[in-house]
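Asker: First residue of the sequence shown? That's 3 in the working numbering, and the numbers climb one at a time after it.
Ideal Cβ placement from N, Cα and C applies to all residues, glycine included.
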Amino acid sequence: MNANSKIALVTGATRGIGLQTVRQLAEAGVHTLLAGRSRERAVEAALALQAEGLPVEAIALDVVDEAGIAAAAEQVTARHGRLDILVNNAGILLDDVAVPVSEQTLATWRATFETNLFGLIAVTQAFLPLLRLAPAGRIVNVSSMLGSLALHLDPASPIYDMKLPAYDVSKTAVNAWTVHLAHELRETPIRVNTVHPGYVKTDMNAGEGELDIADGARTSVALALAGDDAPNGSFRYFDEVLPW
Ligand SMILES: NC(=O)c1ccc[n+]([C@@H]2O[C@H](COP(=O)([O-])OP(=O)(O)OC[C@H]3O[C@@H](n4cnc5c(N)ncnc54)[C@H](OP(=O)(O)O)[C@@H]3O)[C@@H](O)[C@H]2O)c1
3 MNANSKIALV TGATRGIGLQ TVRQLAEAGV HTLLAGRSRE RAVEAALALQ
53 AEGLPVEAIA LDVVDEAGIA AAAEQVTARH GRLDILVNNA GILLDDVAVP
103 VSEQTLATWR ATFETNLFGL IAVTQAFLPL LRLAPAGRIV NVSSMLGSLA
153 LHLDPASPIY DMKLPAYDVS KTAVNAWTVH LAHELRETPI RVNTVHPGYV
203 KTDMNAGEGE LDIADGARTS VALALAGDDA PNGSFRYFDE VLPW
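(1) Within a Cβ cutoff of 6 Å, which residues of the same chain sit near Asn-10, ignoring the five residues on either side of it in sequence?
(2) Check each candidate in Ile-215, Asp-230 and Trp-246 and name the one with the smallest Cα separation from Gly-18.
(3) Rounding to the nearest angstrom, what Cα-Cα distance links Ile-61 and Ala-73 in this structure?
(4) Rounded to whole angstroms, what is the Cα-Cα separation between Val-243 and Glu-105?
(5) What is the DSSP secondary structure of Leu-244, counted as helix, strand or coil?
(6) Which residues bound the alpha helix (DSSP H) around Glu-68?
(7) Within the region 155–187, note down every full beta strand (DSSP E) run reaching 3 residues or more, in order along the chain.
(8) So, helix, strand or coil for Ile-192, using DSSP?
(9) Should Ile-161 be counted as a contact of ligand 1 given a C-beta to heavy atom distance under 7 Å?
(10) I'd like the list of long-range same chain contacts for Ser-236, defined as Cβ closer than 7 Å, with 5 residues on each side in sequence excluded.
(11) Whole angstroms are fine: how far does the CA of Leu-108 sit from the CA of Gly-218?
(12) Quick test of your reading: Pro-245 and Ala-138, contact by CB under 8 Å. State the CB separation rounded to the nearest angstrom.
(13) Rounded to whole angstroms, what is the Cα-Cα separation between Val-24 and Ala-47?
(14) In this structure, what does DSSP give as the bridge partners for His-33?
(15) Leaving out the 5 sequence neighbours to the left and right, which residues in its chain are closer than 6 Å to Leu-213 when beta-carbon positions are compared?
(16) Among Pro-131, Gln-127, Gln-77 and Ser-172, which residue has its Cα nearest to the Cα of Leu-148?
Put into structure tokens, the structure is as follows:
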């Protein structure tokens, strides 16, 4: 590994947008840790990218396992001593589309928040000390336009009739967390932003999205690699700033 390379970690990277984010960061020369909740799948995915000559390393990281998160942070500390980029990509969608908003089960709400919000915060807390040791840390939180209250309230918006409450509200909370963390870090070189990747053809929507997965990774990668002019506390889709 080139001693000057940036180091990135992408959660939920064994498939979908996360795997493409790893590929694009590695193609840009970033030494990228491909984090997966299954160590075997993470190793398998990392080996495939390594075989193409890309600087990718597997790491086991289940975002709902606090001890596992601490172990992963210790591993990165011991091996690399810092982290330049954290992409909080892992996410789940459990809402039953056949069930009205008012009747989604509390089990669905709790499990969704455990992964999409509390897991994201736990990973950020564990890796923030390492991001502070990088010259210009970047945190990218993968949210969704389904987290936008302004768009949910607008009858003209494409998501007006897409109400998946546990998922949507978890992403609204991710956006609010991003704003709060960005405020805390505003005087540091760290920049934290939240993104909508697009409506992307992945397992999450059974391949019914509009964007190819490669394009779905582009907003995360752009903010992960953004330089001194990087925004802080913004919600973006490509170059567009989305309403909260
Ligand atoms: N696809 C879209 O149109 C779309 C739109 C807006 C936002 N997003 C967001 O984009 C992100 C990636 O979604 P995707 O479409 O790529 O979904 P996906 O294909 O379903 O992949 C989700 C990834 O998250 C991982 N994951 C789930 N729970 C985890 C946990 N506890 N710990 C670690 N990893 C975990 C999965 O790992 P396993 O392989 O082990 O299950 C998988 O790698 C999500 O945050 C999603 O909400 C997607």
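Answerer: On the basis of the supplied data:
(1) Per the sequence shown, residue 10 should be read as Ala rather than Asn. Closer than 6 Å at the Cβ level, and outside the excluded window around Ala-10, lie Leu-27, Val-32, Thr-34 and Ile-87.
(2) Ile-215
(3) 10 Å
(4) Cα atoms of Val-243 and Glu-105: separation of roughly 33 Å, rounded to the nearest angstrom.
(5) For Leu-244, the secondary structure class from DSSP, reduced to helix, strand or coil, is coil.
(6) 68–82
(7) none
(8) Ile-192 falls in the coil class under three-state DSSP.
(9) Every heavy atom of ligand 1 is 7 Å or more from the Cβ of Ile-161, so no.
(10) Asn-195 and Val-243
(11) 30 Å
(12) Not confirmed; about 28 Å, so no contact.
(13) 10 Å
(14) Ile-9
(15) Gly-200 and Val-202
(16) Ser-172
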